[in-house]
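Residues 137 to 334 in the working numbering are what the sequence shown lists, from first letter to last.
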Amino acid sequence: MGNRISFVNEQDKEIRKFKHFQPKDIREWSKEFKSLFPLKYITVSDLYTLFKTHFPLNLTNDLTIITHLKPDDVTEINKSINRFCCRLFKALNIADNGKITLTELLISTSKFIRGSTFEKTTWIFRFYDINQEGEISRETFSETIDDMFLLIYGQFCKDKSNELVNQLYNSLNKDHNSSLTLEDFIQLYENHFDLLKN
């Protein structure tokens with residue numbers, strides 16, 4: 137019985153860290169998280185498996201049975217999913233220890249729900265800045281947007297993604313070969329949120 141009480145106290149302490157979530161929701165998420173990930177953390181391989189199962193959104197899970205896809209397309213889709221998962225994993229894995237905990241997921245989610253513009257933008261910038269260099273090359277920015285379009289639309293949308301990248305660069309009056317900084321991202325978020333949310 138003593139173990140049960142200490143578990144509840146430990147869980148309640150964890151729940152109190154996230155005041156803008158309902159305790160009932162956190163308990164549910166925790167239970168679901170532990171059932172999906174018995175080790176109580178997500179690895180990059182787990183994330184890849186989740187994404188490969190659920191994305192691209194309008195394709196079947198088994199990419200090899202889709203007749204309109206060539207083998208090279210399947211390879212490219214898998215590369216895109218892998219790149220995206222690596223970026224997302226790196227951004228979510230705050231402790232940088234190769235394991236995403238429920239707490240890390242809740243921290244990131246809370247930044248998107250209740251975070252300031254700076255917190256939201258910093259997290260998004262961190263997602264793109266996979267090498268943690270403090271700037272994002274146009275190539276990296278474009279590639280990441282290509283990957284997101286593929287995951288969402290289930291097809292390569294180079295024209296759409298190039299158009300979006302050009303619009304964002306033009307809105308900043310940036311040379312199309314220059315890198316983006318955190319300050320650029322903050323400016324985009326504050327002045328051109330309509331472009332980013334599309």
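Idealized CB from N, CA, C, for every residue including glycine.
Put simply, the backbone Cα of residue 245 is about 13 Å away from that of residue 258. By alpha-carbon distance to residue 315, the top candidate from 265, 260 and 291 is 265. With contacts defined as CB atoms closer than 8 Å, residue 177 and residue 236 qualify as a contacting pair.
With fewer than 16 other beta carbons inside 10 angstroms of its own, residue 231 counts as exposed.
Here the segment 304 to 319 lies against the segment 269 to 286, with 3 or more beta-carbon pairs under 8 Å apart.
The DSSP-derived three-state label of residue 241 is helix. Taking C-beta atoms as the reference points, residue 170 and residue 217 fail to come closer than 8 Å.
The beta-bridge partner set that DSSP reports for residue 178 consists of 236. According to DSSP, residue 316 shares a beta bridge with 272.
If you draw a straight line from the Cα of residue 267 to the Cα of residue 222, it is about 11 Å long.
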